[in-house]
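Protein chains in written order, with this note's numbering: chain L, 1 to 139; chain E, 140 to 278; chain A, 279 to 417.
Even glycine gets a Cβ: it sits at the ideal position worked out from N, Cα and C.
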Amino acid sequence: MNYRAVEVAGEYVASLDNGADWREEIESLADKVEADAAWFNAMGAVQDAEVWFYDQDDQEYRSVAFDEPLEVAACVGNVARLDGERFAHTHAVLSRRSGQALAGHLNAATVFAGEVYLRAFEEPLEREHDEVTDLDLWL
Amino acid sequence: MNYRAVEVAGEYVASLDNGADWREEIESLADKVEADAAWFNAMGAVQDAEVWFYDQDDQEYRSVAFDEPLEVAACVGNVARLDGERFAHTHAVLSRRSGQALAGHLNAATVFAGEVYLRAFEEPLEREHDEVTDLDLWL
Amino acid sequence: MNYRAVEVAGEYVASLDNGADWREEIESLADKVEADAAWFNAMGAVQDAEVWFYDQDDQEYRSVAFDEPLEVAACVGNVARLDGERFAHTHAVLSRRSGQALAGHLNAATVFAGEVYLRAFEEPLEREHDEVTDLDLWL
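Listed below in structure tokens is the structure:
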């Protein structure tokens, strides 16, 4: 396990725009506050969602699209540099009217309403290709 | 997207009372520490739960009640002022013995055991009616 | 409800080792930074998982094993002393390729990739037996 002590650079609450993309909104927040490393939590609701599952054998992401309104019951993620841009690695747990939960890596989702807490760190995080997983990991 | 830099006013860990209401306990914590804005995480177990799903077309909450013991696998939320009171906007992911996950806006739940981390901010958050979503949103 | 104001002792980001145990990695991080109390968030993917559900009537944990790759959509937990060791009380929401979510108390899981934010507190937390729930609780 690799770890790093971090110092806070700033902390923020944000309200996401109805109709915008969930992940792009978080990346836009990171851009505005110039956060090259951050941890975030979020919650709210989306009008649809595209969730990814990583196939650990084939080392490819598999996409599942949900074209329906969903609650965002929990959203956990972090911001790092990837290929020169700020990337918000975003996981989310979504739910249907029945209470059924869906979850995964959130690639895209249309915001209905979203509330975010983002904690930016002084030390930048940089994603680099990892041989074992074929993922872009930091540290 | 609207955002605000916040300053921490205090941070707290709490253990919720068996038999009490999950959300009321968090609001009681906010009252005790006089937090008019806060972000929280929690986990534990409940004896039952009432979960809400927001119908984005009809703009009404739909309730689903689970009258059974459930783990609280993840609980994410925030505290803001709403109609002059402290309101804990609480989302949760719950689970059954089979591992099946349920999730949504947690209106009420009877605590079995609960552990909370709450981070209070200096700047109050106030919920106000939003025309587009018919929800009470902050910022 | 019992609560305590806490002071931060340090905050850390960590990347978990592929093939290691998810919870042990977090406990190893707590050991390295000498955190006798901490709150954490994590996300990533695992190769398998053993999830526990607490039977509130029989007051016994029931185990469910998932021998398949899963996303860790959300992981929330805390570190405290238990029987003289650092214990990471770990809850997680996992997901399958279909997007189906599973959740519960995460006893063990083989890391595929894991990203953690851990916030250590100055004041130690100690778990002690609770008569009502037959669980080891803090505060």
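- What Gln-337(A) touches in chain E, judged by beta-carbon distance under 7 Å, is nothing: the nearest beta carbon there is about 10 Å away.
- Taking 9 Å as the CB threshold, Ala-240(E) lines the interface with chain L.
- A check of alpha carbon separations from Ala-65(L) across Asp-17(L), Thr-110(L) and Glu-7(L) identifies Thr-110(L) as the nearest.
- Separation of Glu-261(E) and Pro-347(A) (C-alpha to C-alpha, rounded to the nearest whole angstrom) is 42 Å.
- Counting only residues of its own chain and dropping the five nearest sequence neighbours on each side, Val-6(L) has a CB closer than 6 Å to the CB of Phe-121 and Glu-123.
- In this structure, Val-357(A) and Ala-315(A) form a Cβ contact; the two beta carbons are roughly 6 Å apart against a cut-off of 8 Å.
- At least one C-beta of chain L is nearer than 9 Å to the C-beta of His-244(E).
- With a threshold of 9 Å between beta carbons, Glu-25(L) makes no contact with chain A.
- The beta carbon of Gly-44(L) sits closer than 6 Å to the beta carbons of Val-72, Ala-113, Gly-114 and Glu-115 from its chain, once the five residues preceding and following it are set aside; these are given in chain order.
- Assignment of beta-bridge partners to Thr-90(L) by DSSP yields Gly-77(L).
- With contacts defined as CB atoms closer than 9 Å, Ser-341(A) and Asn-296(A) fail to qualify as a contacting pair.
- Between Phe-365(A) and Gln-337(A), the alpha-carbon positions lie close to 20 Å from each other.
- Residue state for Asp-170(E) is assigned as helix, using DSSP reduced to three classes.
- Using a Cβ distance threshold of 9 Å, Gly-238(E) and Ala-352(A) do not count as a contacting pair.
- Nearest neighbour of His-105(L) by Cα position, chosen from Asp-83(L), Leu-135(L) and Tyr-117(L), turns out to be Leu-135(L).
- Between Glu-131(L) and chain E, the shortest Cβ-Cβ separation is not below 9 Å.
- Here DSSP, grouped into helix, strand and coil, assigns Arg-97(L) to coil.
- The beta-carbon of Asp-175(E) is placed no less than 9 Å from the nearest beta-carbon of chain A.
- Residue pairing by DSSP places Arg-397(A) opposite Glu-289(A) and Trp-317(A) in a beta bridge.
- Measuring C-alpha to C-alpha distances from Thr-411(A) to each of His-367(A), Asp-333(A) and Asn-319(A) identifies Asp-333(A) as the nearest.
- When secondary structure is reduced to three states using DSSP, Trp-52(L) falls in the strand class.
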